[in-house]
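Novice: This is the structure, below, for whatever I ask next.
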């Protein structure tokens, strides 16, 4: 089986035919690689496991910002907000899971330019031994957040507004 570079995240993945996410466009081999981690993700327990799971979801989403569709713009924005909230503010994954649902009911612009490349990819997580995957996910999330540095101030502003709105309704 050959390999191909995913046009979303840049990972070298198996060159296979198959399904992809409806709006987070990627090579089918990248989507299959993500799917191969779902059983491991389901085995994660407790607050640390929920946080790791959220990092995995967030990071995959923001590395596949290849589609100007409204759903993809929204996905990239809220998952960048989630990464910022977790990495810079220590907001736990269980809370983020609920906040993301509130954040999605807004219109977000297409963030351009998107990173030209990413320092790490899903492949670094998939090839890590299961006992090291949580650390690999955190490293991948941190490097991906750094890769989006051109948009940090905008994302921080969205997050501040969203958290202020959340505390007003709480």
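In this note's numbering, the protein residues as written are 13 to 182.
A virtual CB, placed ideally from N, CA and C, is assigned to each residue, including glycine.
1) What is the rounded straight-line gap between the Cα of residue 137 and the Cα of residue 39?
2) Give me, in chain order, the residues of the same chain whose beta-carbon lies closer than 8 angstroms to that of residue 125; leave out the 5 immediate sequence neighbours on both sides.
3) Please return the same chain residues whose Cβ sits closer than 7 angstroms to the Cβ of residue 88, not counting the five positions on each side in sequence.
4) Can you say whether residue 130 is buried or exposed, counting buried as having 16 or more other CB atoms within 10 angstroms of its CB?
5) Select from 44, 174, 30, 37 the residue whose C-alpha is nearest the C-alpha of residue 118.
6) Where does residue 126 fall in DSSP's three states?
7) Which class does residue 26 belong to by DSSP, given the choice of helix, strand or coil?
8) If you draw a straight line from the C-alpha of residue 28 to the C-alpha of residue 132, how long is it?
9) Ignore the nearest five residues each way along the sequence and tell me which others in residue 35's own chain have a CB closer than 6 angstroms to its CB.
10) Please report the straight-line C-alpha distance between residue 13 and residue 25, rounded to a whole angstrom.
11) Would a C-beta distance cut-off of 8 angstroms place residue 30 and residue 44 closer than the cut-off?
12) Check this for me: beta carbons of residue 153 and residue 99, under 8 angstroms apart or not?
13) Compare the beta carbon distance of residue 86 and residue 120 with 8 angstroms and say whether it is the shorter of the two.
14) For residue 169, which three-state DSSP category applies?
15) Just the Cα atoms here: how many angstroms apart are residue 42 and residue 18?
Specialist: A quick look at the data gives this:
1) Taking the chain shown and counting its residues from 1, one reaches residue 137 at position 125. Taking the chain shown and counting its residues from 1, one reaches residue 39 at position 27. Roughly 17 angstroms separates the two Cα atoms.
2) Translated into the one-based positions of the chain shown, residue 125 becomes position 113. Excluding residues within five positions, the ones whose Cβ falls inside 8 angstroms are 162.
3) On the chain shown, residue 88 is found 76 positions in, with the first residue counted as 1. Within the same chain, residue 88 has close Cβ partners 73, 74, 77, 123.
4) As a working mapping, residue 130 is identified with position 118 in the chain shown. Around the C-beta of residue 130, 16 or more other C-beta atoms lie within 10 Å, and the residue is accordingly described as buried.
5) Walking along the chain shown from the start, residue 118 turns up at place 106. Of the candidates 44, 174, 30, 37, the one whose C-alpha sits nearest the C-alpha of residue 118 is 174.
6) Numbered from its first residue, the chain shown carries residue 126 at position 114. Coil, per DSSP.
7) The count along the chain shown starts at 1 and reaches residue 26 at position 14. Here residue 26 sits in strand by DSSP.
8) Counted from its first residue, the chain shown places residue 28 at position 16. Counted from its first residue, the chain shown places residue 132 at position 120. Approximately 22 angstroms, taken between the alpha carbons.
9) The sequence position of residue 35 within the chain shown is 23, counting from 1. The residues are 79, 81, 83, 84.
10) Locating residue 13 in the chain shown gives position 1, counting from the first residue. Locating residue 25 in the chain shown gives position 13, counting from the first residue. Their backbone Cα atoms lie some 10 angstroms apart in a straight line.
11) Locating residue 30 in the chain shown gives position 18, counting from the first residue. Locating residue 44 in the chain shown gives position 32, counting from the first residue. Yes, they are a contact pair.
12) Along the chain shown, one-based indexing puts residue 153 at 141. Along the chain shown, one-based indexing puts residue 99 at 87. Closer than 8 angstroms, so yes.
13) For the purposes of this step, residue 86 is taken as the residue at position 74 of the chain shown. For the purposes of this step, residue 120 is taken as the residue at position 108 of the chain shown. For residue 86 and residue 120, yes; Cβs fall inside 8 angstroms.
14) The residue labelled residue 169 in the question sits at position 157 within the chain shown. Correct three-state label for residue 169: helix.
15) Here residue 42 corresponds to residue number 30 of the chain shown, with the count starting at 1. Here residue 18 corresponds to residue number 6 of the chain shown, with the count starting at 1. Their Cα atoms are separated by approximately 6 angstroms.
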